[in-house]
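Letter 66 of the sequence shown, counting from 1, is numbered 425 in the working numbering, and no numbers are missing.
These notes are about the structure you will find just below.
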Amino acid sequence: MQEHHESRIERLTPDRVDEGARATLDALGKERGGVVPNLFRVAAHRPEIVQTLHAHMKAVMGKGTVPQLLKELISIRVSQINGCVY
Numbered sequence: 360m361q362e363h364h365e366s367r368i369e370r371l372t373p374d375r376v377d378e379g380a381r382a383t384l385d386a387l388g389k390e391r392g393g394v395v396p397n398l399f400r401v402a403a404h405r406p407e408i409v410q411t412l413h414a415h416m417k418a419v420m421g422k423g424t425v426p427q428l429l430k431e432l433i434s435i436r437v438s439q440i441n442g443c444v445y
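This is the structure we're talking about:
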């Protein structure tokens, strides 16, 4: 089992970011049952990045030729393999 290491970059919460990043984090929380993935909390240091990252995730994880459930299962499995908290 791999060790869990503390993040070197602070994971921001919606109350600690500017208006643009806050809107993105709030939207993510609504889409994901109140949970904002750590990747987005770190990216929120740069509002323009967290916004485009969110748009990219929606494009990749949305409807397409691969079922959405399979995409989620792959994400979880990759996180497990890499010792990441999903």
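Positions of the beta carbon are idealized from the N, C-alpha and C atoms, including for glycine.
Just so you know, these numbers come straight off a predicted model, no measurement behind them.
Mapping DSSP to helix, strand and coil, what is residue i?
{"i": "P426", "result": "coil"}
{"i": "L371", "result": "coil"}
{"i": "V394", "result": "coil"}
{"i": "E405", "result": "Residue identity differs from the one stated: residue 405 is Arg in this sequence, not Glu. It is coil, neither helix nor strand."}
Starting from residue i and walking both ways along the alpha helix (DSSP H), at which residues does that stretch end?
{"i": "N397", "result": "N397 to A402"}
{"i": "D385", "result": "E378 to E390"}
For residue i, which residues from the same chain have a beta carbon less than 7 Å from its beta carbon, with the 5 sequence-adjacent residues on both sides left out?
{"i": "M360", "result": "Note on M360: pLDDT 45, under 50, position unreliable in the model; no value is reported."}
{"i": "G379", "result": "P406 and Q410"}
{"i": "P373", "result": "R381, L384 and D385"}
Note down, in chain order, each residue of its chain lying with its Cβ closer than 6 Å to the Cβ of residue i, except the 5 sequence neighbours on either side.
{"i": "F399", "result": "L387 and V409"}
{"i": "V395", "result": "L384, L387 and G388"}
{"i": "K430", "result": "M420"}
{"i": "V401", "result": "I368 and R370"}
{"i": "N397", "result": "R370"}
Since residue i and residue j should fall inside the 8 Å C-beta cutoff, what is the C-beta to C-beta distance between them, to a whole number of angstroms?
{"i": "V376", "j": "A403", "result": "5 Å"}
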